[in-house]
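Listed in order, the protein sequences are those of chains E and L.
Going by this note's numbering, the first sequence opens with residue 1, and the numbers climb by one from there.
Going by this note's numbering, the second sequence opens with residue 212, and the numbers climb by one from there.
Backbone N, C-alpha and C define an ideal beta-carbon position, used for all residues, glycine too.
Report on the structure given below.
2 protein chains.
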Amino acid sequence: MAWKRISDAVIRRLPLYLRVLEEVKSKQSSISSQELGSKAGVTPALVRKDLAWFGEFGKQGVGYDVEFLQDELRKILHLDAPIHMALVGVGSLGRALTRYNRRRFRDDPIFTINLVALFDADPKVVGTTFDGVSIHHITDISRVVAKMDIQMAIVTVPADAAQEVGNLLAEAGVKAILNFAPVSIDLPSDVHVANADLSLELQRLAYYIHG
Amino acid sequence: MAWKRISDAVIRRLPLYLRVLEEVKSKQSSISSQELGSKAGVTPALVRKDLAWFGEFGKQGVGYDVEFLQDELRKILHLDAPIHMALVGVGSLGRALTRYNRRRFRDDPIFTINLVALFDADPKVVGTTFDGVSIHHITDISRVVAKMDIQMAIVTVPADAAQEVGNLLAEAGVKAILNFAPVSIDLPSDVHVANADLSLELQRLAYYIHG
DNA sequence: TAGATTGTTAATCGATTAACAATC
DNA sequence: TAGATTGTTAATCGATTAACAATC
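See the structure below:
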């Protein structure tokens, strides 16, 4: 197979497959593209095509070995080793996401993304901890990211601070950012920014309330 | 134009256009597809095609009237009248989203989605209020939704309760649901469910950390 | 009028689905 | 072996882009 950048549409489905594999793991040792697809809400042909981008993981007449495929998908998504994550903006949304993430990391053994540092601009909270995680000042992003080997970040700052925080994270070498601020962040193309803009999503949904 | 269901890809961009229009409103009375597109991160041809699904809003040689287009987009998205929304699951994420939404509704005059009712299963919080909004028991969803004319809902309950809560909302006539629980909810096709699954999103992003 | 920009049609691009030979 | 299911190629579908006549 000639080298080609794999599309985001494909990458989005891999965590879904991972979730299905975890669900069936205790009940069966192999799974067909048929079953994996129907549990993930995807056609069997698309499951096979998605997986084929990365290798030949299945066996004709049998299907895919559940544990083997799980391991392979984890490697592809870089989830085979713990990932260190930061969160910038310890307001009410930031605190809620911190709790959510910490609990998930504690309770769910397959969830390996670990929130290890918080950042804020308010001197009153800098130096304290929340849910057991230290809060640093945003001017320390570069130093702390390097020291703690942080690879991902969640941004929950007000709209007018989001771009600047994005710049600081990018300079520090963070390559993947989940942005909850209601503005898009422009960064070099080697930094992947995913927008989780609640108000945009609600406005879109309003289209479907009919009337 | 023969009738055709408008794709979700188109609907997703409309709130983006709305945001750009609000931003330029004080500075100019009209805008070209060129400028609207570049500010929204979309090609000019696509802007024109998206808008053309709903009518002929522009003027050759001039562009689109900012206020007129804003009004039209609001009507299309049903944002021309206030929308009543509920939130189910008053845990830490639910409370954070409640605050976020209430503040947005208070401070931003173009944000017309109003969170008017909270629901939870815990008798200890039922009957109290949070951020000025009453918390009802989930068995009262049907009654309260009807009485308060609620059209949308946010779901922030644990995974194992999400489907049941979805059922209750659908039975009560809610047609649009934003689901934060880490499971998909199956509902009749006239109910639109958008998934905002944080852990899925983080696992996807991990692909891009390289290494 | 001359210049600008729309709405729309045709061309292109990319993603999904169907089909099937290979093979466990 | 017979049945099942993969990996892959070709066909289809849908979304985006390019081009341009119409017209403000």
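Between the alpha carbons of residue 44 of chain E and residue 224 of chain L lies a distance of about 30 Å. Annotation for residue 235 of chain L: the continuous alpha helix (DSSP H) segment containing it runs 219-235. Taken in chain order, the members of the segment 164-179 of chain E whose beta-carbon sits within less than 9 Å of a beta-carbon on chain L are 174, 175, 176, 177, 178. Between residue 168 of chain E and residue 184 of chain E, the C-beta gap is not smaller than 8 Å, which leaves the two residues out of contact.
Counting along the chain, residue 54 of chain E sits inside no alpha helix (DSSP H), nor does DSSP assign it H or E at all. Sequence-ordered contacts of the segment 343-364 of chain L with chain E read 362, 363 [C-beta pairs closer than 8 Å].
Residue pairing by DSSP places residue 340 of chain L opposite L/345 in a beta bridge. At a beta-carbon threshold of 7 Å, the residues of chain E lying near residue 412 of chain L are 178, 194, 196, ordered along the chain.
Rounded to the nearest angstrom, the Cβ distance from residue 130 of chain E to residue 155 of chain E is 16 Å, too far for a contact under 8 Å.
Assignment of beta strand (DSSP E) within the segment 157-198 of chain E, counting only whole runs of 3 or more residues, yields 176-179, 192-195 in chain order. No Cβ of chain E is located within less than 8 Å of the beta carbon of residue 298 of chain L.
Note on residue 273 of chain L: under 16 other CB atoms within 10 angstroms of its CB, so exposed under the neighbour-count rule.
Under the three-state reduction of DSSP, residue 331 of chain L is assigned to strand. In this structure, DSSP gives residue 357 of chain L a helical state, which the three-state scheme calls helix. Listed along chain L, no residue sits closer than 8 Å to residue 30 of chain E by beta-carbon distance, the nearest being about 23 Å off.
Note on geometry: alpha-carbon atoms of residue 368 of chain L and residue 187 of chain E lie some 34 Å from one another. Here the segment 55-70 of chain E makes no contact with the segment 79-95 of chain E; the two share fewer than three CB pairs at distances below 8 Å.
Of all residues in the segment 244-274 of chain L, those with a C-beta nearer than 8 Å to a C-beta of chain E are 252, reading in chain order. Distance from the Cα of residue 175 of chain E is smallest, within the candidate group E/160, E/193, E/182, E/79, for E/193.
Taking a C-beta distance under 8 Å as the contact criterion, residue 153 of chain E and residue 88 of chain E qualify as a contact pair. In the three-state scheme derived from DSSP, where H, G and I count as helix and E and B as strand, residue 83 of chain E is classed as strand. Looking from the CA of residue 100 of chain E, the closest CA among L/315, L/308, L/310, L/304 belongs to L/304. Your pair residue 236 of chain L and residue 278 of chain L checks out as a contact, with CB atoms roughly 7 Å apart and the cut at 8 Å. Contact annotation: residue 138 of chain E and residue 120 of chain E have beta-carbon atoms nearer than 8 Å.
Here residue 162 of chain E has 155, 179, 181, 183, 185 as same chain residues with Cβ atoms under 7 Å from its own Cβ, once five neighbours each way along the sequence are excluded.
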